[in-house]
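Residue numbering for the sequence shown follows this note's numbering, starting at 260 and increasing by one per position. Note that the Cβ used here is the ideal one computed from N, Cα and C, for glycine as well.
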Amino acid sequence: MSGPDNFPSYARRTPQPQPRPEAQPRPVANGNGRRMVANTQSWWQEKLHKLSLHSRVTLLAAVAVGLAVAFVSIAAYVSVRQQMYQNLDESLTNRAAQAAQNKVLTNQANLAQISPEALGLSDILVGVILADGEQIGAANSKPPPMEEPEFAVAQSQNQISKRTFGESMGAHYRIIAVPAQYCPQLDLGHRCSDEDLEPGALVVAQSLRPIDQTLHNMGIVLWAVGLLGVIGAAIAGNAIAASGLRPLARLSGAAEHVARTEDLQPIPVDGSDEISRLAISFNSMLAALARSQDRQRRLIGDAGHELRTPLTSIRTNLDLLAQADKRGGLRPDDRQQLLDDVRAQMDELTNLIGDLTELARDTPQIRNAELIELSNVVEDALIKVRRRAPNLEWDVSIEPFPVWGDERLLGRAVTNLLDNAAKYSVPEDARTDGVPVGLVTVRLQDGVLTVTDSGPGIADADLPHVFERFYRSSEARSRPGSGLGLAIVKHAAEQHGGMIYARNAPGAGAQFTLWLPHAATQTR
């Protein structure tokens, strides 16, 4: 059969479906692939680390907005595409089902002699496929693509078939197939009986060019909007980074100024954001450095003053000894007295240098702490001080107490406390003759070391200053010492997380109390 204008409407057999090739296993990534991914990640990390924080913020804003726009664009594109396809499928299905029910397009006479334009189907390809594979196209129109899915509907294996067909030259169709009864009569006036009807499927195909064009235009718009969004995000990120990092730039400039000039003046802080808190912390660090610098300056100044006295005394005594030797020498008693004075000054100088070395450490915490028994430290200190002060009576009561700390520093602190008590328990004009002239009471209970002397006590005006470096009261200036002993005690107590305080004991002299935390509560 041939339709008008030589458009074929004859029967043709559908080629038998070819078996699908077996799925090939996907290649597994080998070690080279993993190394390539790792090298790529390392390359990106290296590039990002070379970028400034300003550039990172700008890049982050651009990437974040770009990803957000991409997700929204993809969601919008997929949603619109799905909705358009769904509407098209519903329209084609309803029209095909109605045409199959009316049996207008399933009559061979209508297909062979009436063009689709006459039926209002100018944008649709119409055809029929029978159960035996025969295909019939409409007049003045090429038949729609009819293959295995449509053949399955014609054989009643499926109720409906929906698919998209695309040709290499650009033709793009949406194909719908619904079950139908085909009438093989060529006479328009003849009506087919039920015995004449043949099972088949009505196939309609509509070009997707309008939808493709709409989606193409939509894709261009989404790309343009996304690109503008990324550019705008990069500009906004650059502005935000410049504004947000301006305080950080000021902070960096202040740090460079401090490193260059050693001027520890704090920088002004405005706001309460993270960078402002960083600036506050920076100012706190500057204040701590200023205090440490001030302590060092005062220590150097006071040390110079204190060192000058014994050095001057030693030099004077040596000059006197040299001049006396030129004149024939001193009497043995005078010479021995002069040497004893030099030796005493040397001892005082040695102790002063040791105290200065200890205080100059100024470490924030004890390093290499170990578990020590505080009672042993006190006993060792008592042995040393008793040798130097044999004319004192000692009332001692010690209980075991473990602590974490530096045994050398604690021993020096306890020794200084006992030396201080021994020094002020002996009156300046006392005559010993082997008889005790003073009493020192030592108690160690629950980590509290209490040392009480029998001296005159501490004046109320001097109590707030007894632990300051180089501070000496008017009564103490006539006695040997540098004014650093109690400062070292305070330093040791603070290093071990404890405390030290002084007061006047009722009916006795000065009383010093040193408290240290138990080893179980200390951090190592």
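When DSSP reads this structure, cysteine 442 sits in a beta bridge with Asn366.
In this structure, the alpha-carbon of glutamine 524 lies about 59 angstroms from that of lysine 585. Excluding the 5 residues flanking it on each side, asparagine 542 has same chain C-beta neighbours closer than 6 angstroms at Pro525, in chain order. Residue nearest to methionine 343 within the set Pro659, Ser332, Asn417 and Arg433 is Arg433 (criterion: CA-CA distance). Fewer than three Cβ pairs drawn from the region 575 to 582 and the region 537 to 552 lie within less than 8 angstroms of each other, which leaves the two stretches out of contact. Minimum Cα-Cα distance from leucine 745 among the listed residues His755, Ala761, Gly757 and Gln754 corresponds to Ala761. Check the Cα spacing between threonine 317 and each of Ser400, Ala500, Phe726 and Asn679: the tightest is with Ala500. Sixteen is the threshold: when 16 or more other Cβ atoms of the shown chains lie within 10 Å of the Cβ of arginine 671, as they do, the residue is buried. Nearest Cα to valine 528 within the set Arg505, Val517 and Glu521: Arg505.
In the three-state reduction of the DSSP assignment, alanine 390 falls in the coil class. For histidine 431, the pairing in a beta bridge is given by DSSP as Gly425. For the pair leucine 722 and glycine 716, the Cα-to-Cα distance works out to about 10 angstroms. Taking all protein chains in view, the Cβ of phenylalanine 330 is surrounded by fewer than 16 other Cβ atoms within 10 Å, so the residue is classified as exposed. For the options Asp639, Pro443 and Gly766, the alpha carbon positioned closest to that of isoleucine 388 is the one of Pro443.
Annotation for serine 466: the continuous beta strand (DSSP E) segment containing it runs 457 to 466.
According to the DSSP secondary-structure assignment, proline 591 is paired through a beta bridge with no residue. Distances from the CA of alanine 767 to each of Val699, Thr352, Met758 and Glu753 were compared; the closest alpha carbon is that of Val699. With a beta-carbon spacing of about 20 angstroms, glutamate 629 and isoleucine 657 fall beyond the 8 angstroms limit used to define contacts. For the 7 angstroms CB-CB criterion, isoleucine 395 and glutamine 465 do not form a contact. Boundaries around arginine 702 are those of the beta strand (DSSP E), 697 to 704, since no alpha helix (DSSP H) includes it. Per the Cβ contact rule, the region 673 to 686 is in contact with the region 639 to 649 (3 or more Cβ pairs under 8 angstroms). The three-state secondary structure of isoleucine 717, taken from DSSP, is coil.
It is roughly 17 angstroms from the alpha-carbon of glutamate 349 to the alpha-carbon of valine 385.
The Cβ atoms of tryptophan 653 and alanine 778 lie no closer than 7 angstroms to each other. For glutamate 409, the enclosing alpha helix (DSSP H) covers residues 407 to 413.
The beta strand (DSSP E) runs lying completely inside the region 751 to 780 and spanning 3 residues or more are 758 to 763 and 769 to 774, given in chain order. In this structure the region 533 to 542 touches the region 502 to 521; the number of beta carbon pairs closer than 8 angstroms is three or more. The DSSP-derived three-state label of proline 527 is coil. An exposed status is given to threonine 575, since fewer than 16 other beta-carbon atoms sit within 10 Å of its beta-carbon.
Collapsing the DSSP output to three states places proline 506 in a helix. In the three-state reduction of the DSSP assignment, valine 725 falls in the coil class. Taking alanine 320 as the centre and dropping the five residues before and after it, the same chain places the C-beta of Ala492 and Gly496 closer than 6 angstroms to its C-beta, in chain order. Taking the C-beta atoms as reference points, serine 634 is found no nearer than 7 angstroms to leucine 708. CA-to-CA, the gap between leucine 326 and threonine 473 works out to about 24 angstroms.
Inter-residue distance for isoleucine 631 and leucine 668 is about 12 angstroms (C-alpha atoms, whole angstroms). The distance from the Cβ of leucine 364 to that of alanine 356 is about 11 angstroms, inconsistent with a contact at the 8 angstroms cut-off.
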